[in-house]
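**Student:**
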Amino acid sequence: MKVTYKLLIIAALNLIMWVSCKSSSSGQNSSGNSGSPINTAPVVDTYFDVFNIDYDLSQVQYRQFNSQVLKSSNYYPGVRSLEGHNLLINTFPSQSLIRVNAFDRAVIDSEKCLNSNSSTADTCIDLFQKSLNNTRPYIDQLTQNGRTQYLMFDIFRTPIWLSTYPDLSSACGGGRTGQSFPAKDMNVWKRLLDVVVAFAKDIEAKNKTKILYQFWNEPDLACNWKASTTEFLNYYSVTATHLRSAHGTAKIGGPGLGYWNGRLEKDGASRSTGLAFELMKVAQANSIPMDFVSFHYFSKDVAEDYLKAIDEYRSYQKSLGITNQDIILSEWLPKGSGLPYLVSKFQAADAARLFQAMSDSDLFLQGGLPWQDYGSQQSDEWGIVSYPAAKKKPIFDVYEFFDGVARTSSGVWYKNEGVTLPSLQYTNGNATQIKLKIGERSIFVSKDNSNNCYRSAVWYRLGDASEIGVSSLLKNGFTTSDIEHYYGSLKEDAIAQLKLDIQANKPCDPRFKDIFSEANKLYYRVESLRANQSAQLKFDFRGMPSNPKITAFSTNRDGAEKKSIAIDNSIRGLTYIIKAEEVVLLNICE
């Protein structure tokens, strides 16, 4: 059975240079000109490339893969409407991992005891217990009869009434500042742990699911942990040791970093390594239970922010003599264009690339995204489906595709090819034209184990235009020391200002005029590709049986649910115009 894939990419880039007044070199906004763009004559660039893959499905060398991490997994709170619940249950017969916020929800609810003048620790713990019990119905629905293989509890937040610093001011995620400090009485903290352990052990026994405890959630986010690194490590030690004695069959780990090499806000800059590495080292040296190390992924850069994390963790574990510690990606979200921290219509291809990478890496589990949006406003769009109607987003179709691969495949094969743009690289003032990678085109094929069927996904993805601009600057001699000098730091707000200056073609120093100009051109070229790319994708099903069953769908980048692609029976193939960030899904059966 032979299939020829031909992808002819023909893109016209309409570049409009913007002239605006941005910030001063200190990184603060300057007054004066409002910054409205002044249109000039468009600069038109035409970019041609060809992507040809010609292979025989029956002869491809399929390999074994990590099926567990491709199965559907989600983070709760996730199901927020009956429509959302029904879609989850009817689409996926089981889940690999469900991560729940039952503990931190109970922490918040227990603080109602602060309203009573006669409250005691017993009163507060009782409210904690009642809140935890209120989550039991939905947890049972998700885990009964072994429906969920692993159930993860985040041990996250210290109750204000137990905190060493009981600050009631608001913090991120509906929390309070005081919840980001250790407990002042570890014996009372252990009583809270005993409550959640009893709750989890009952679920484990009745519903045949395995329990994991993840200590904290994104402590490298300043509003989630305010104390020092030493205090965090000590708090983990007390918590993990007690959990192991109380629940010997559970896996315990952390720290659920927002970035795999993240550090704590209070003193992280003075530490030689990221928090995860410090935690692994302390746990190993002091025989503290640590069955897994966990992190999150919020990026479009799979190589730097996912694959490098796995390699660095494994290398460090090996240097410490650790041989039995898992790695868990407990939450992830590919950055979208225009909505960098939400689940947007542009993210299907990025999700596909991450799933592809997970299938071939040493990862134990992945926790996915929330199942459903937190609400109906744009700022609530964190889920795979909408709220309340549970309308599927393009990323849902990718989830469903790879979940199907995990359940039916006997082996997979894939191929990635870089997408480049011509760019100028400056060395000692001399410019040389190079090809700069700005994205990837990929194909992924799975052979089913029960019949002669194949699943295939093809996608075209681009990097973040602003980050490509920053990368261009760094390749051309603009150093991290320059960023610190002109923008004050390497923190996110400073990098954000640098990106704005790239978009405005406003160099922070006249010496950098040429390289800022080149970064600016790259930014608008990539954005134009994302907006205007029209690529001709051709499938030619030569060598197929006389009546093959072929279905094809596209994750509609316009935001609608996936659309069917017509098969031309006269040529037994199809021609389709695919856009950047779109994924074409194909099923071929004899």
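Residues are numbered in this note's numbering as their position in the sequence shown, beginning at 1, plus a constant of 478. Where is the CB? At the ideal position from N, CA and C, for every residue including glycine.
Would you say the beta carbon of V547 comes nearer than 7 angstroms to a heavy atom of the ligand COA?
**Tutor:** The model on display carries no ligand, and the ligand COA is accordingly not part of it.
**Student:** Along the chain, where does the beta strand (DSSP E) that runs through S808 open and close?
**Tutor:** The residue labelled residue 808 in the question sits at position 330 within the sequence shown. Element bounds for S808: 804 to 810.
**Student:** Taking just the CA atoms, how far does F677 sit from S1032?
**Tutor:** Along the sequence shown, one-based indexing puts residue 1032 at 554. Along the sequence shown, one-based indexing puts residue 677 at 199. Rounded to whole angstroms, S1032 to F677 spans 43 angstroms at the Cα level.
**Student:** My assumption, with CB atoms under 8 angstroms, is that L902 sits in contact with E1005. Please give the rounded CB distance.
**Tutor:** Start at 1 with the first residue of the sequence shown, and residue 902 comes out as number 424. Start at 1 with the first residue of the sequence shown, and residue 1005 comes out as number 527. Between E1005 and L902 the Cβ distance is about 19 angstroms, and since that is not below 8 angstroms, they are no contact.
**Student:** Report the rounded CA-to-CA distance for S658 versus C701, giving the unit in angstroms.
**Tutor:** For the purposes of this step, residue 658 is identified with residue 180 of the sequence shown, where counting begins at 1. For the purposes of this step, residue 701 is identified with residue 223 of the sequence shown, where counting begins at 1. Their backbone Cα atoms lie some 7 angstroms apart in a straight line.
**Student:** Helix, strand or coil for F842, going by three-state DSSP, please let me know.
**Tutor:** Residue mapping note: residue 842 aligns to position 364 of the sequence shown, counting from 1. In this structure, F842 counts as coil in the three-state DSSP scheme.
**Student:** Are the CB atoms of I681 and I617 within a distance shorter than 8 angstroms?
**Tutor:** Working through the sequence shown from its first residue, we reach residue 617 at position 139. Working through the sequence shown from its first residue, we reach residue 681 at position 203. Contact flag set, yes.
**Student:** Please list, in chain order, all residues of the same chain as M768 whose beta carbon is under 6 angstroms from its beta carbon, the five residues on each side excluded.
**Tutor:** To locate residue 768, count along the sequence shown from 1; it is residue 290. Cβ within range, chain order: G731, A761.
**Student:** Between F956 and the rest of its own chain, which residues show a CB-CB distance below 7 angstroms, the 5 nearest in sequence each way excluded?
**Tutor:** As a first step, residue 956 is located in the sequence shown; it is residue number 478 there, counting from the start. F990, I993, listed in sequence order.
**Student:** Buried or exposed, going by whether 16 or more other CB atoms sit within 10 Å of the CB of T727?
**Tutor:** Residue mapping note: residue 727 aligns to position 249 of the sequence shown, counting from 1. T727 comes out exposed.
**Student:** Under DSSP, the beta strand (DSSP E) around D926 begins and ends at which residues?
**Tutor:** Indexing the sequence shown from 1 puts residue 926 at position 448. It spans 908 to 926 - the beta strand (DSSP E) in which D926 sits, taken as one unbroken run.
**Student:** Mark P697 as exposed unless 16 or more other C-beta atoms lie within 10 angstroms of its C-beta, in which case mark it buried.
**Tutor:** Residue mapping note: residue 697 aligns to position 219 of the sequence shown, counting from 1. Buried, by the Cβ-count rule.
**Student:** What residue does the alpha helix (DSSP H) around Y794 start on, and which one ends it?
**Tutor:** For this step, residue 794 is matched to residue 316 along the sequence shown. Element bounds for Y794: 786 to 798.
**Student:** Taking the beta strand (DSSP E) that Q692 belongs to, which residues open and close that run?
**Tutor:** Your numbering for residue 692 matches position 214 in the sequence shown. Where Q692 is concerned, the enclosing beta strand (DSSP E) stretches over 688 to 693.
**Student:** Using the three-state DSSP reduction, which class does I1066 fall into: helix, strand or coil?
**Tutor:** The count along the sequence shown starts at 1 and reaches residue 1066 at position 588. The answer is strand: DSSP assigns I1066 an E or B state.
**Student:** Rounded to the nearest angstrom, how far is the Cβ of S888 from that of K913, given a contact under 8 angstroms?
**Tutor:** By 1-based counting over the sequence shown, the position of residue 888 is 410. By 1-based counting over the sequence shown, the position of residue 913 is 435. With a Cβ gap of about 37 angstroms, S888 and K913 do not count as contacting.
**Student:** Against chain D, with Cβ distances strictly below 8 angstroms, would W849 count as a contact?
**Tutor:** Included in the structure is just one protein chain, with no chain D present.
**Student:** Is the distance from the Cβ of L566 to the Cβ of D875 below 8 angstroms?
**Tutor:** Locating residue 566 in the sequence shown gives position 88, counting from the first residue. Locating residue 875 in the sequence shown gives position 397, counting from the first residue. Contact flag unset, no.
**Student:** If V538 sits next to A830, beta carbons under 8 angstroms apart, how far is it from one beta carbon to the other, in whole angstroms?
**Tutor:** Translated into positions along the sequence shown, residue 538 becomes position 60. Translated into positions along the sequence shown, residue 830 becomes position 352. With 8 angstroms as the limit, V538 and A830 do not qualify as a contact, their Cβ atoms being about 19 angstroms apart.
**Student:** Report yes or no: do three or more beta-carbon pairs, one from the stretch 590 to 604 and one from the stretch 904 to 921, lie closer than 8 angstroms?
**Tutor:** Touching, no.
**Student:** Just how far apart, CA to CA, sit V736 and L699?
**Tutor:** Here residue 736 is taken as the residue at index 258 of the sequence shown, counted from 1. Here residue 699 is taken as the residue at index 221 of the sequence shown, counted from 1. Residue identity differs from the one stated: residue 736 is Gly in this sequence, not Val. Each residue's alpha carbon lies about 7 angstroms from the other.
**Student:** Going by other Cβ atoms of all chains shown within 10 Å of its Cβ, with 16 needed for buried, is N552 buried or exposed?
**Tutor:** What you label residue 552 is simply residue 74 of the sequence shown in a count that begins at 1. Classification of N552: buried, given that the 10 Å Cβ count is 16 or more.
**Student:** Excluding the 5 residues preceding and the 5 following S864 in the sequence, name in chain order all residues of the same chain whose CB lies nearer than 6 angstroms to its CB.
**Tutor:** Along the sequence shown, read from residue 1 onward, the residue named residue 864 stands at position 386. Hits under 6 angstroms: D851.
**Student:** What would DSSP say about T717, mapped onto helix, strand or coil?
**Tutor:** Mapped onto the sequence shown, residue 717 falls at position 239. Residue state, collapsed to three classes: helix.
**Student:** Are N998 and N1010 close, meaning C-beta to C-beta below 8 angstroms?
**Tutor:** Locating residue 998 in the sequence shown gives position 520, counting from the first residue. Locating residue 1010 in the sequence shown gives position 532, counting from the first residue. It is not a contact, given that the beta carbons lie outside the stated cut-off.
**Student:** Answer yes or no: do A909 and Y1001 have a C-beta to C-beta separation smaller than 8 angstroms?
**Tutor:** If you number the sequence shown from 1, residue 909 lands on position 431. If you number the sequence shown from 1, residue 1001 lands on position 523. In this structure, Y1001 does not lie closer than 8 angstroms to A909 by Cβ.
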